[in-house]
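Engineer: Below is a structure I'd like to ask you about.
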Amino acid sequence: MVDLCVSLAGVGLQNPVIPASGCFGFGREFAEFYDINLLGAFSFKGTTEEPRFGNPLPRVADCPSGMLNSVGLQNPGMEKVLTEELPFLKTYYHQPLIANVGGFSVREYVSNTARIAAEEQVDIVELNISCPNVQGGGHAFGTSCAAAEEVTKACKAVCPKPLFVKLTPNAANITDIAKAAEAAGADGISLINTLLGMRIDLKRRRPVLANIAGGYSGPGIFPVALRMVYETYAAVRIPIMGMGGVSTARDVIEMMLAGATAVQVGAANLVDPYACKYIIEDLPAVCAELGITRLSEMTGAAHGWSA
Amino acid sequence: MVDVPMLVGANAEIAPGVYRMQLYTDGVALTEELRPGQFVNLKIDGFYLRRPISICDWSHGVLTLVYKAVGEGTRHLSAMEEGAALRVLLPLGNGYTLLPDKQPVLVGGGVGIPPLYYLCKELIRAGQKPTAILGFNTASEVFLQSAFAALCDTILTTVDGSAGVKGFVTDALPKLNPDTSTVYTCGPEAMLRAVFRSVEFSSVQFSFEERMGCGFGACMCCSCKTVTGYKRICKDGPVLRREEILW
Ligand SMILES: Cc1cc2nc3c(=O)[nH]c(=O)nc-3n(C[C@H](O)[C@H](O)[C@H](O)COP(=O)(O)OP(=O)(O)OC[C@H]3O[C@@H](n4cnc5c(N)ncnc54)[C@H](O)[C@@H]3O)c2cc1C
Ligand SMILES: Cc1cc2nc3c(=O)[nH]c(=O)nc-3n(C[C@H](O)[C@H](O)[C@H](O)COP(=O)(O)O)c2cc1C
Ligand code: FES
Numbered sequence: 001m002v003d004l005c006v007s008l009a010g011v012g013l014q015n016p017v018i019p020a021s022g023c024f025g026f027g028r029e030f031a032e033f034y035d036i037n038l039l040g041a042f043s044f045k046g047t048t049e050e051p052r053f054g055n056p057l058p059r060v061a062d063c064p065s066g067m068l069n070s071v072g073l074q075n076p077g078m079e080k081v082l083t084e085e086l087p088f089l090k091t092y093y094h095q096p097l098i099a100n101v102g103g104f105s106v107r108e109y110v111s112n113t114a115r116i117a118a119e120e121q122v123d124i125v126e127l128n129i130s131c132p133n134v135q136g137g138g139h140a141f142g143t144s145c146a147a148a149e150e151v152t153k154a155c156k157a158v159c160p161k162p163l164f165v166k167l168t169p170n171a172a173n174i175t176d177i178a179k180a181a182e183a184a185g186a187d188g189i190s191l192i193n194t195l196l197g198m199r200i201d202l203k204r205r206r207p208v209l210a211n212i213a214g215g216y217s218g219p220g221i222f223p224v225a226l227r228m229v230y231e232t233y234a235a236v237r238i239p240i241m242g243m244g245g246v247s248t249a250r251d252v253i254e255m256m257l258a259g260a261t262a263v264q265v266g267a268a269n270l271v272d273p274y275a276c277k278y279i280i281e282d283l284p285a286v287c288a289e290l291g292i293t294r295l296s297e298m299t300g301a302a303h304g305w306s307a
Numbered sequence: 308m309v310d311v312p313m314l315v316g317a318n319a320e321i322a323p324g325v326y327r328m329q330l331y332t333d334g335v336a337l338t339e340e341l342r343p344g345q346f347v348n349l350k351i352d353g354f355y356l357r358r359p360i361s362i363c364d365w366s367h368g369v370l371t372l373v374y375k376a377v378g379e380g381t382r383h384l385s386a387m388e389e390g391a392a393l394r395v396l397l398p399l400g401n402g403y404t405l406l407p408d409k410q411p412v413l414v415g416g417g418v419g420i421p422p423l424y425y426l427c428k429e430l431i432r433a434g435q436k437p438t439a440i441l442g443f444n445t446a447s448e449v450f451l452q453s454a455f456a457a458l459c460d461t462i463l464t465t466v467d468g469s470a471g472v473k474g475f476v477t478d479a480l481p482k483l484n485p486d487t488s489t490v491y492t493c494g495p496e497a498m499l500r501a502v503f504r505s506v507e508f509s510s511v512q513f514s515f516e517e518r519m520g521c522g523f524g525a526c527m528c529c530s531c532k533t534v535t536g537y538k539r540i541c542k543d544g545p546v547l548r549r550e551e552i553l554w
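Protein sequences appear in the order of chains G and Y. For the first sequence, position 251 (counting from the first letter as 1) is numbered 251 according to the working numbering, and the numbering increases by one without interruption. Here the working numbering = 1-based position in the second sequence + 307.
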């Protein structure tokens, strides 16, 4: 028997597999495919104070080994999430829940964090200071140590639950931001959000995305994400949710070896709605093949080597 | 919804760049629950995102798609040989709502025509007598006309007049009474807009295309603003009623 359980900042998960924010909605579309109670947890769509439509279309582009999106945080707004999405989710989902929170100012992040953390259903708050698709929000906080520290500190003050800060790979040095968040009281770090990229339509000679640039995710970013998780693990003491291109059970284990306590899966859910189910079903056999009896022991197990 | 492997059968060019592909599957995926106007999402080897294609027709164990090779993905699809396997996610989208007490007129342009074929069959099965108006640029590009003609009254239009009525589909549209008739349409946006202007009654149903991330409502990549709020073309669409459209 392989033990897949992990403990994430004190929250027990039956396995480390977590659909990533923005790639799983509020769960309902996936519940049409499988019983989502088999997940370790899931992180719902980044929620802002006001409802948002997001950016103009087209806002998705196909890429070798991945995709670009410039959705720009389309969400129903905090009020609707509290009064409609969460009560509906409660009727069929009983595993831990991660609330992904967006914002455009410290005030908004704090208000969103306080409101969502007060929900009994929410186990972890994930502060998205890394969305590359909105002006003036997210990203601006995730690329400056001082701003990351300020927003983390202010949100932690109103968040009795574990607070994870989600980082962008587009920062000059992601480990500096991670250290700033840790110093400000973060209980954990999520990384990585998408990498800024673009595509150009050859026939029309113009960018494919109406927003010109967008966030690149999918298998192509896995090695970059893995390296960043590895470096961040060495730089902070708080737990890490690692993500970026994870598509298979082997990728999950590799992310954990790099230092992740739990692993999020994003774009893979969009091209295969059963992705997380298959990963979870594959984990025991892959662990057995690799001689792993307790998966949680893999976290950071690839450290200690010098270049 | 299911994601099933299917085997490519015939995959023949039926007009320049337009292919009819048959996909074989055992059982569960193809049932009476498929609604006309719904689509499938194809996982093509070598491409990350799936490609959405409308259901043109199906019978027990065989799905028929008609698609145009416009880019890398559909070109790859057109080169697939008999016996090759493909993962197919289906059925997706809302599909058309059949209105039993209204005389149906089907208006299609180019690769917007395929979903109207299954719609036509379903309307006939429900005891109705549809009329189809099919628009193309020129005679050499015409496809599916004889298939429609075998089922119902079919009017062909070409922009250059090389076959059928010269002009656009809207030039062939008869004057319709909103109490007794309705229109089901699919085609390029310019054509949809022309139909929108020509037939000003609320029951008309339009099928839209947008670039998609998932095709089943999870990513918000395909969202559009409508009179009744934001709608995901893949899940709340692709079919919208005229009264919902913000044009
Ligand atoms: C609901 C729906 C039903 C459709 N039904 C049919 C059909 O029955 N027959 C047919 O020929 N075509 C249909 N299309 C259009 C078809 O999906 C595109 O032609 C196809 O995705 C192009 O892929 P590509 O790789 O060849 O082109 P590329 O331009 O290389 O594709 C790049 C990316 O853009 C997307 N894309 C490009 N054009 C379109 C488009 N018009 N609509 C949506 N996404 C696009 C692709 O899916 C891909 O992700 C439908 C589209 C939708 C949304
Ligand atoms: C369509 C789409 C929407 C996303 N929306 C959000 C979001 O609302 N909040 C957030 O923190 N991350 C969002 N992300 C980023 C993912 O959660 C994840 O960090 C990133 O995609 C990398 O993982 P992946 O390669 O497995 O997709 C989104 C990603 C995609 C593809
Ligand atoms: S394509 Fe993902 S929601 Fe429509």
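Glycine included, each C-beta is placed from N, C-alpha and C at the ideal position.
Helix, strand or coil for G/K179, going by three-state DSSP, please let me know.
Structural biologist: helix
Engineer: Answer yes or no: does any C-beta atom of chain Y fall closer than 9 angstroms to that of G/F104?
Structural biologist: Taking a beta-carbon distance threshold of 9 angstroms, G/F104 does not count as an interface residue toward chain Y.
Engineer: Taking Y/A376 as part of the beta strand (DSSP E), name the residues at either end of that continuous run.
Structural biologist: Segment: none, Y/A376 is in no beta strand (DSSP E) and carries neither H nor E.
Engineer: Going by the DSSP bridge assignment, what does Y/Y491 pair with across the sheet?
Structural biologist: Y/L413, Y/Q512
Engineer: Taking 8 angstroms as the line, does the beta carbon of Y/K350 fall inside it for any heavy atom of ligand 1?
Structural biologist: no
Engineer: DSSP three-state call for Y/V476: helix, strand or coil?
Structural biologist: DSSP, read as helix, strand or coil, puts Y/V476 in helix.
Engineer: Does the Cβ-Cβ distance between Y/I440 and Y/V466 come in under 9 angstroms?
Structural biologist: no
Engineer: Going along the chain, which residues of the region 337–355 of chain Y sit with their C-beta nearer than 8 angstroms to a C-beta in chain G?
Structural biologist: K350, F354, Y355
Engineer: In the region 44–119 of chain G, which residue ranges form an unbroken beta strand (DSSP E) of at least 3 residues, counting only runs that do not cross its ends?
Structural biologist: 60–63, 66–69, 97–101
Engineer: Of the residues that make up the region 525–550 of chain Y, which ones have a beta carbon closer than 8 angstroms to any beta carbon in chain G?
Structural biologist: A525, C526, M527, C528, C529, S530, C531, K532, Y537, K542
Engineer: Would a check of beta-carbon distances place G/L196 closer than 9 angstroms to chain Y?
Structural biologist: no
Engineer: Mark Y/V377 as exposed unless 16 or more other C-beta atoms lie within 10 angstroms of its C-beta, in which case mark it buried.
Structural biologist: exposed
Engineer: Under three-state DSSP, which class holds Y/E429?
Structural biologist: Judged by DSSP in its simplified three-state form, Y/E429 adopts helix.
Engineer: Please return the same chain residues whose Cβ sits closer than 7 angstroms to the Cβ of Y/G353, not counting the five positions on each side in sequence.
Structural biologist: H383
Engineer: Look up G/N170 in the DSSP assignment and say whether it is helix, strand or coil.
Structural biologist: Looking at G/N170 - three-state DSSP - the assignment turns out to be coil, as it is neither helix nor strand.
Engineer: On the three-pair Cβ rule with 8 angstroms, is the region 152–164 of chain G touching the region 75–87 of chain G?
Structural biologist: Output reads no: the region 75–87 of chain G does not touch the region 152–164 of chain G.
Engineer: Rounded to the nearest angstrom, what separates G/T194 and G/C131 at their Cα positions?
Structural biologist: 8 angstroms
Engineer: At 9 angstroms on the CB atoms, spell out the chain G contacts of Y/G520, in chain order.
Structural biologist: C23, R59, V60, M67, N69, V71, A267, L270, V271
Engineer: Give me the Cβ distance between G/N133 and G/N55, rounded to the nearest whole Å; I'm assuming they're in contact under 8 angstroms.
Structural biologist: 6 angstroms
Engineer: Taking 5 angstroms as the limit, name every residue whose beta carbon sits nearer than that to some heavy atom of ligand 3, in sequence order.
Structural biologist: Y/M519, Y/G520, Y/C521, Y/G524, Y/C526, Y/C528, Y/C529, Y/R539, Y/C541
Engineer: Are three or more beta carbon pairs between the region 170–190 of chain G and the region 218–227 of chain G nearer than 8 angstroms?
Structural biologist: no
Engineer: Out of Y/A322, Y/S385, Y/M308, which one is the CA nearest neighbour of Y/N444?
Structural biologist: Y/A322
Engineer: Pick out the complete alpha helix (DSSP H) segments inside the region 125–164 of chain G, 4 residues or longer, and give them in chain order.
Structural biologist: 139–142, 145–156
Engineer: Interface residues of chain G around Y/E517 at Cβ under 7 angstroms?
Structural biologist: L57
Engineer: Check whether the Cβ atoms of Y/P421 and Y/C363 lie closer than 9 angstroms to each other.
Structural biologist: Contact flag set, yes.
Engineer: Over what stretch of residues does the alpha helix (DSSP H) that includes G/C23 continue unbroken?
Structural biologist: Per DSSP, G/C23 belongs to no alpha helix (DSSP H) and is neither H nor E.
Engineer: When you check each C-beta in the region 196–225 of chain G against every C-beta of chain Y, which residues fall closer than 7 angstroms?
Structural biologist: G218
Engineer: Where G/I200 and G/L209 are concerned, what is the direct C-alpha to C-alpha distance, given to the nearest angstrom?
Structural biologist: 8 angstroms
Engineer: Could you tell me if Y/P481 is buried or exposed, where buried requires 16 or more neighbouring beta carbons within 10 angstroms of its beta carbon?
Structural biologist: With fewer than 16 neighbouring CB atoms inside 10 Å of its own CB, Y/P481 falls in the exposed class.
Engineer: Going by DSSP, what residue range makes up the beta strand (DSSP E) through Y/S447?
Structural biologist: First-last for Y/S447: undefined, no H or E at that position.
Engineer: For a contact meaning CB atoms closer than 8 angstroms, what does G/C310 contact in chain Y?
Structural biologist: With chain G running from 1 to 307 in the structure shown, residue 310 of chain G is simply not present.
Engineer: At the level of alpha carbons, what is the spacing between Y/P485 and Y/A433?
Structural biologist: Using only the alpha carbons, I get a separation of about 20 angstroms.
Engineer: Buried or exposed for G/I342, going by 16 or more other Cβ atoms inside 10 Å?
Structural biologist: Residue 342 of chain G lies beyond the residue range present for chain G, which begins at 1 and ends at 307; the question has no answer from this structure.
Engineer: List, in chain order, every chain Y residue whose beta-carbon is nearer than 7 angstroms to that of G/E32.
Structural biologist: M308
Engineer: Between Y/G344 and the rest of its own chain, which residues show a CB-CB distance below 6 angstroms, the 5 nearest in sequence each way excluded?
Structural biologist: G402, Y403, P422, S514, V546
Engineer: G/F30 to Y/G368, Cα distance in whole Å?
Structural biologist: 26 angstroms
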